[in-house]
Amino acid sequence: MTIAIVLGLLVLAIILFAIEIFTVDVITIFILIVLCLTSIITPKEAFDGFSSDFIIILAAIFVMVGALRKTGVIDTFIARLVNIKKQPPKLILFLVMMFSALTSGFMNNTTITALMLNPTIGLSKISGIAPSKILMPLAFASILGGTCTLIGTSTNVAVSGYLVAQGLPRIGMFDFLPIGLILLGVGMLYMMTLGQLLLPVNSKETLEDDYAVRSYLSEAVIADDSNLIGQKVVESDISKQGFTIVSIIRNRYNFIPTSFTKLLAGDEILIKGNVDDLLKIKDLKGVDIKADLLDLNNEETDLHLAELMVIDGSDTLKGTVESVNFRTRYGLGILAIHRKGKTIREKIGKIRLKVGDLLLVQGEKDSIDLIRSKENDFIILEDYKPNLNLKRKGVFTLLFFVLSILLGTTGIVPLSVGFLIGALLTVAFRCINPDEIYDDIDWRLLILIGGMSAFGVAMTKTGADKFVAEHIVRIFEPFGVYGLLGGFVFLTVLLTQPLSNAAAALVVLPIGLQTAHQLHLNPLTFAIGIMLSASVSMLTPFEPSCILVYGPGKYKFFDFVKVGGILTIIMMVILVMVIPYFYPFKA
Numbered sequence: 007m008t009i010a011i012v013l014g015l016l017v018l019a020i021i022l023f024a025i026e027i028f029t030v031d032v033i034t035i036f037i038l039i040v041l042c043l044t045s046i047i048t049p050k051e052a053f054d055g056f057s058s059d060f061i062i063i064l065a066a067i068f069v070m071v072g073a074l075r076k077t078g079v080i081d082t083f084i085a086r087l088v089n090i091k092k093q094p095p096k097l098i099l100f101l102v103m104m105f106s107a108l109t110s111g112f113m114n115n116t117t118i119t120a121l122m123l124n125p126t127i128g129l130s131k132i133s134g135i136a137p138s139k140i141l142m143p144l145a146f147a148s149i150l151g152g153t154c155t156l157i158g159t160s161t162n163v164a165v166s167g168y169l170v171a172q173g174l175p176r177i178g179m180f181d182f183l184p185i186g187l188i189l190l191g192v193g194m195l196y197m198m199t200l201g202q203l204l205l206p207v208n209s210k211e212t213l214e215d216d217y218a219v220r221s222y223l224s225e226a227v228i229a230d231d232s233n234l235i236g237q238k239v240v241e242s243d244i245s246k247q248g249f250t251i252v253s254i255i256r257n258r259y260n261f262i263p264t265s266f267t268k269l270l271a272g273d274e275i276l277i278k279g280n281v282d283d284l285l286k287i288k289d290l291k292g293v294d295i296k297a298d299l300l301d302l303n304n305e306e307t308d309l310h311l312a313e314l315m316v317i318d319g320s321d322t323l324k325g326t327v328e329s330v331n332f333r334t335r336y337g338l339g340i341l342a343i344h345r346k347g348k349t350i351r352e353k354i355g356k357i358r359l360k361v362g363d364l365l366l367v368q369g370e371k372d373s374i375d376l377i378r379s380k381e382n383d384f385i386i387l388e389d390y391k392p393n394l395n396l397k398r399k400g401v402f403t404l405l406f407f408v409l410s411i412l413l414g415t416t417g418i419v420p421l422s423v424g425f426l427i428g429a430l431l432t433v434a435f436r437c438i439n440p441d442e443i444y445d446d447i448d449w450r451l452l453i454l455i456g457g458m459s460a461f462g463v464a465m466t467k468t469g470a471d472k473f474v475a476e477h478i479v480r481i482f483e484p485f486g487v488y489g490l491l492g493g494f495v496f497l498t499v500l501l502t503q504p505l506s507n508a509a510a511a512l513v514v515l516p517i518g519l520q521t522a523h524q525l526h527l528n529p530l531t532f533a534i535g536i537m538l539s540a541s542v543s544m545l546t547p548f549e550p551s552c553i554l555v556y557g558p559g560k561y562k563f564f565d566f567v568k569v570g571g572i573l574t575i576i577m578m579v580i581l582v583m584v585i586p587y588f589y590p591f592k593a
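So for the sequence shown, the numbering used here puts the first residue at 7; every next one is plus one.
Printed below as a string of structure tokens:
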């Protein structure tokens, strides 16, 4: 019965993670509560994962990376990258990928992609390289760079912590570096050769040109004196301007109009069209763009346009546009929203923003400039203006980060203590505002990792891992040990589509370890295979780094399936062939 409960919770978790009705931390806490109430695990076992040293390592890294970003150190290095514009395109592509990979070996790959997005777009414009030819390689390089070190991804740290909890050896900082370098080298070679041939050649328009071809959703109100009153949707002046009316809100009731629906005074209409036409709509008598209640017709205010991309970790993801007080917080009005591949039919104020959403905003220049200091929330999609001032506090932070790595990897102090020392020095030297450190820590990820570690304990206690392992062995054992390893690699890659990488690895890991135990094989062979396979899935643009480049690169979903799918298969084959060489099946 307990096995059925655990496996049922596993299936439920996968479904809930995939459909995203609730956040991952809420789902994780729910699972822990159910496991405790059913007495499958004790409260101590449920919360032991949150006291593990790998949670401390991740939190400390978040603090130092936040300081590095805020002090402009990374901007300075990226600024040097922009100066390579006179080099051959192949060399530029190589340097962009190499810089992305090297830095993501020690920082979150999503952070690196976000920081490099603007300079890479600017570099593509001044070097003549189509953005679509360089942005996907940028994202893929940041992902593969994380396979080189223990702190390259949170998944690596989580797996290492779980192994220690199971009485297995801790994975060192550079223990799997040779495997990561092979993956990175092959991946870069692929993206510079076959990948370049498969990538689309999208145009290199300026920001203004890009506005004109992108369909945005906007919100307008029909005034009492509007000429539109009584007009049918299909014959209305708005339709003649090239707009599509996707929804009408009338008396608080939201409905999709037919061609013969008549417009009435007070209707709030959600319209979709390109930006050039959108900015002209105010010329229609009795039609006002709401723009998050910003007065667009105020001629006394010098208003500017900007296009913002919402990034992972943004405060705007915590609720609707209205509930996060977008206008008050940023001093900008949202003219329109673009979401790749989906038609939005809600009022702008009621929309819950997602990672990768593009916002067309209007406001004073000072407000737009202020966005540059809020790198945790948005990327401004415009020509990159590098910060060439390497701040002293940034240098200190970089030194503290390097010191943490040296202390931990040389064994002078435990790795968790080494990174805690670095984070403490970062705060003590005021390299980061103490009030900001908690904003830089991804608490949802820490809850997910700590909770899923407890779920692994539940699978072990109930024998659910043995139950699943026996079925996997029965399916893949005829193909030999390589086929068995390949089965786990494939399963992990598959689960990274609905789940986060860390969650997928922690779900499969107990099963892999139990399989190794049953067959008297080296558990590290399967642990390393599962850990790294969680980081090489590039089948779809759902990976956060890929989401960031999806819109700016003007990619289609199938572009990732085609280019990333082939690369993912290559990475899987390499893992199955190479891991047993460094971690033999028989320890």
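Even for Gly, the Cβ is constructed at its ideal location relative to N, Cα and C.
Exercise. Could you spell out the range, first to last residue, of the beta strand (DSSP E) harbouring residue 158?
Key: From DSSP, residue 158 is part of no beta strand (DSSP E); its letter is neither H nor E.
Quiz item: For residue 410, which residues from the same chain have a beta carbon less than 6 Å from its beta carbon, with the 5 sequence-adjacent residues on both sides left out?
Solution: 424, 425 and 428
Quiz item: According to DSSP, is residue 113 helix, strand or coil?
Solution: coil
Practice problem: Quick one: grab the DSSP three-state call for residue 224. | Solution: strand
Self-check item: Chain-order list of residues whose beta-carbon lies under 6 Å from that of residue 455 (same chain, five-residue window excluded)
Solution: 164 and 508
Quiz prompt | DSSP beta-bridge partners of residue 15 | solution = Paired residue(s): none; residue 15 is not in a bridge.
Quiz item: Which runs of the alpha helix (DSSP H), 4 residues or longer, sit entirely within the stretch 426-487?
Solution: 443-446, 449-468 and 470-482
Quiz item: Could you give the distance in angstroms between the alpha-carbon of residue 415 and the alpha-carbon of residue 180?
Solution: 8 Å
Self-check item: Alpha-carbon to alpha-carbon, residue 44 and residue 120
Solution: 43 Å
Quiz item: Hey, would you say residue 145 sits closer than 8 Å to residue 506, going by beta carbons?
Solution: no
Practice problem: Along the alpha helix (DSSP H) that carries residue 523, what are the first and last residues, could you check? | Solution: 507-524
Exercise. Since I believe residue 585 is in contact with residue 491 (beta carbons under 8 Å), could you give me their beta-carbon distance rounded to a whole number of angstroms?
Key: 7 Å
Quiz item: How big is the Cα-Cα spacing for residue 234 and residue 242?
Solution: 6 Å
Practice problem: Report yes if the CB atom of residue 123 is closer than 8 Å to the CB atom of residue 569, and no otherwise. | Solution: no
Practice problem: Helix, strand or coil for residue 167, going by three-state DSSP, please let me know. | Solution: helix
Self-check item: Status (buried if at least 16 other CB within 10 Å, exposed otherwise) for residue 371
Solution: exposed
Quiz item: Whose CA, out of 433, 516 and 502, lies closest to the CA of residue 461?
Solution: 516
Practice problem: Could you pull the start and end residues of the beta strand (DSSP E) that residue 367 belongs to? | Solution: 364-370
Quiz prompt | Among 117, 545 and 207, nearest to residue 134 - alpha-carbon criterion | solution = 207
Quiz item: When the Cα of residue 444 is compared with those of 47, 36, 66 and 40, which residue comes out closest?
Solution: 66
Quiz item: Are there 16 or more other CB atoms within 10 angstroms of the CB of residue 418, so buried, or fewer, so exposed?
Solution: exposed
Quiz prompt | CA-to-CA distance, residue 7 to residue 46, given in whole angstroms | solution = 11 Å
Exercise. Could you check the C-alpha separation between residue 468 and residue 227 for me, to the nearest Å?
Key: 59 Å
Quiz item: How big is the Cα-Cα spacing for residue 553 and residue 188?
Solution: 25 Å
Quiz prompt | Contact belief for residue 11 with residue 22 at Cβ below 8 Å, rounded distance in angstroms | solution = At roughly 16 Å, the Cβ-Cβ gap does not stay under 8 Å, so residue 11 and residue 22 are not in contact.
Exercise. Could you tell me the distance, in whole angstroms, from the CA atom of residue 337 to the CA atom of residue 118?
Key: 27 Å
Quiz item: Based on the DSSP secondary-structure assignment, which residues constitute the bridge partners of residue 253?
Solution: 276
Practice problem: Counting only the same chain and skipping the five closest in sequence on each side, list residues whose C-beta sits under 7 Å from that of residue 28. | Solution: 22
Quiz prompt | Inter-residue spacing [alpha-carbon to alpha-carbon] between residue 153 and residue 475 | solution = 26 Å
Quiz item: Just how far apart, CA to CA, sit residue 312 and residue 128?
Solution: 16 Å
Exercise. Under 7 Å Cβ to Cβ from residue 40, same chain only, skipping five residues before and after it: list those, please.
Key: 15
Exercise. Classify residue 28 as helix, strand or coil using the three-state DSSP reduction.
Key: coil
Quiz item: How many angstroms separate the CA atom of residue 35 from the CA atom of residue 292?
Solution: 51 Å
Self-check item: Beta-carbon spacing of residue 224, residue 342 below 8 Å
Solution: yes
Quiz prompt | Status (buried if at least 16 other CB within 10 Å, exposed otherwise) for residue 168 | solution = buried
Quiz prompt | Rounded straight-line distance, which links the Cα of residue 564 to that of residue 250 | solution = 26 Å
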